[in-house]
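All remarks here apply to the structure that follows.
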Amino acid sequence: VINMASKNGMAGEFGYTHYDASKGGIIMLTRTMSLELAHLGIRVNAVCPGYCVTPMSAEIDSPEFVENFVDRYIPMNRHGRVEDIAPAFLFLASDDAAFMTGQTVVLDGGQLAGQKPGPELLAKINL
Numbered sequence: 539v540i541n542m543a544s545k546n547g548m549a550g551e552f553g554y555t556h557y558d559a560s561k562g563g564i565i566m567l568t569r570t571m572s573l574e575l576a577h578l579g580i581r582v583n584a585v586c587p588g589y590c591v592t593p594m595s596a597e598i599d600s601p602e603f604v605e606n607f608v609d610r611y612i613p614m615n616r617h618g619r620v621e622d623i624a625p626a627f628l629f630l631a632s633d634d635a636a637f638m639t640g641q642t643v644v645l646d647g648g649q650l651a652g653q654k655p656g657p658e659l660l661a662k663i664n665l
């Protein structure tokens with residue numbers, strides 16, 4: 539079983555109370571189901587994407603919004619794509635993940651790792 543959660547289930551975002559709570563619930567559902575189903579050999583994991591540009595989000599978010607969001611919040615300096623997320627599902631469904639259950643795979647370009655340093659700090663430390 540592979541559940542679709544979100545990085546919002548691991549860190550709240552202002553104005554997204556219902557969404558964040560539902561995704562946090564999916565993460566806990568994943569952990570609890572993994573305990574209940576492990577003895578049957580059933581693995582249960584979750585994938586938590588960060589901000590990804592999809593056809594739906596492209597209709598809602600302007601290119602300026604996306605650029606500003608990436609610049610401000612994502613350490614890898616780009617938004618996610620479907621092509622970044624799909625391999626996690628393939629891995630979790632494969633025999634390579636045979637001993638993995640109850641886990642949450644986060645694919646967010648480093649957003650949950652911590653606050654992205656601004657250009658002033660990067661210039662100061664010469665990175």
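Using the numbering used here, the first residue of the sequence shown is number 539, and each one after it goes up by one. From the three backbone atoms N, C-alpha and C, an ideal C-beta is built for every residue, glycine too. What you are looking at is a predicted structure, and each value in this text was computed from that prediction instead of being measured.
Practice task
Run through the region 582-652 for me and flag every whole alpha helix (DSSP H) of 4 or more residues, listed as ranges in chain order.
Solution key: Runs found: 593-598, 601-611 and 620-631.
Handout entry: Through-space distance from GLU602 to GLU658, alpha-carbon basis
Key = A straight-line Cα-Cα distance of about 22 Å links GLU658 and GLU602.
Exercise for the section: Report yes if the C-beta distance between LYS654 and PRO587 is below 8 Å; otherwise report no. Expected result: Judged by beta-carbon spacing, PRO587 lies beyond the 8 Å limit of LYS654, meaning their Cβ atoms are not closer than that value.
Handout entry: Residue range of the beta strand (DSSP E) that includes MET542
Key = Following the DSSP letters along the chain, one finds MET542 inside the beta strand (DSSP E) bounded by residues 540-542.
Exercise for the section: Give me the Cα-Cα distance between MET614 and LEU650, rounded to the nearest whole angstrom. Expected result: Across the structure, MET614 and LEU650 are spaced so that their CA atoms are roughly 12 Å apart.
Practice task
Within its chain, find whatever has a CB closer than 7 Å to the CB of ARG569; leave out the 5 residues flanking it on each side and keep chain order.
Solution key: GLY640.
Exercise for the section: Use the C-beta contact count for ARG581: other C-beta atoms within 10 angstroms, 16 or more gives buried, fewer gives exposed. Expected result: With at least 16 other beta carbons inside 10 angstroms of its own, ARG581 counts as buried.
Problem - Cβ pair count under 8 Å reaching 3, the region 608-628 against the region 585-599 - result: Remark: three or more beta-carbon pairs, one from each stretch, lie closer than 8 Å, so the region 608-628 and the region 585-599 are flagged as touching.
Problem - Per-residue DSSP class, three states only, for TYR557 - result: TYR557 falls in the helix class under three-state DSSP.
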